[in-house]
Amino acid sequence: MLARLATFRKWANDSRGAAALEFALVAGPLIFMICACIELAMVILLSVTLDNATNMASRQIRTGTISSSTTVDGFKDLVCANMSLMSGRCKASLRIDVRKFDSFALVAAAPPPVVDGEWTFGERCDIGKGSEIQMARVYYEWPMFTPLLQGGFNSLSNKDIVITSTVIFRNEPF
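Take 27 as the starting number for the sequence shown in the numbering used here and just add one per residue.
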């Protein structure tokens, strides 16, 4: 019995391999945090890129450069032309909602894009005339791989997040 106790004490005091064991305990959360940081950086980069592309495409509406007969696909082409980083899957991941309003107060009543993980609107591209109030909302579906980050975003039922860019403006008199 004493021999067993002595063997157990010797094994308990052995510190060889302690670093490997500690790393094994810390490696999982560490790798998760690194992946989450990289993925969050990608979402921020995509958000900034989408904002810029939406502003550039909306400027063409504001100045009357594009006609009122522009389709949803035509506006998607304008947005995707300014999203060089995500151009490969841009058009398939975009949803467009361009509307005209009679007053800025009515813009607040625009319906939310996603309710209970489902889209609530059909895509539209309703370009107004000179001096009319316009709202251009552009949505980009982005798959999230880090599960705990999905809860902080507007998510669809397929677990993709929705990155939104909105521009509200009055058209120039053209």
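From the three backbone atoms N, C-alpha and C, an ideal C-beta is built for every residue, glycine too. On a predicted model such as this, the values are computed, not experimentally measured, just so you know.
So the candidates are the options; which of them puts its Cα closest to the Cα of residue i?
i, options, result
"residue 125", "81, 49, 172 and 159", "159"
"residue 137", "35, 146 and 67", "146"
"residue 111", "79, 95 and 102", "79"
"residue 171", "44, 81 and 58", "58"
"residue 185", "164, 32, 142 and 149", "142"
"residue 100", "122, 109 and 47", "122"
"residue 144", "106, 188, 183 and 65", "183"
"residue 164", "131, 130 and 104", "104"
"residue 205", "140, 148 and 39", "Because the chain spans 27 through 200 in this model, residue 205 falls outside it and cannot be assessed."
"residue 106", "130, 46, 77 and 93", "77"
Less than 8 angstroms between C-beta atoms, sequence neighbours within five positions excluded: which residues of the same chain meet that for residue i?
i, result
"residue 97", "151"
Which same chain residues end up closer than 6 angstroms to residue i when comparing Cβ atoms and leaving out the 5 residues on each side of it in sequence?
i, result
"residue 133", "127, 161 and 194"
"residue 181", "187"
"residue 200", "90 and 156"
Take residue i and list the residues in its own chain whose beta-carbon comes closer than 7 angstroms to its own, dropping the five residues that flank it on each side.
i, result
"residue 42", "none"
"residue 81", "193"
"residue 175", "62, 65 and 66"
"residue 45", "none"
"residue 102", "117, 120 and 122"
"residue 130", "159"
"residue 113", "106"
Mind checking who residue i pairs with in its DSSP beta bridge?
i, result
"residue 127", "159"
"residue 121", "165"
Taking three-plus beta-carbon pairs below 8 angstroms as touching, is the segment 71 to 79 in contact with the segment 148 to 159? no
Is the segment 87 to 106 in contact with the segment 180 to 198, if contact means three or more CB pairs nearer than 8 angstroms? yes
I'd like to know if the segment 48 to 62 and the segment 112 to 120 are in contact, where contact means that at least 3 CB-CB pairs between them fall below 8 angstroms. The answer is no - the segment 112 to 120 does not touch the segment 48 to 62, with fewer than three Cβ pairs under 8 angstroms.
Within the segment 131 to 199, ranges of the alpha helix (DSSP H) (whole runs, at least 4 residues): none
If you scan the segment 30 to 109 from start to end, which runs of the alpha helix (DSSP H) of 4 or more residues do you find wholly inside it? 44 to 88 and 98 to 107
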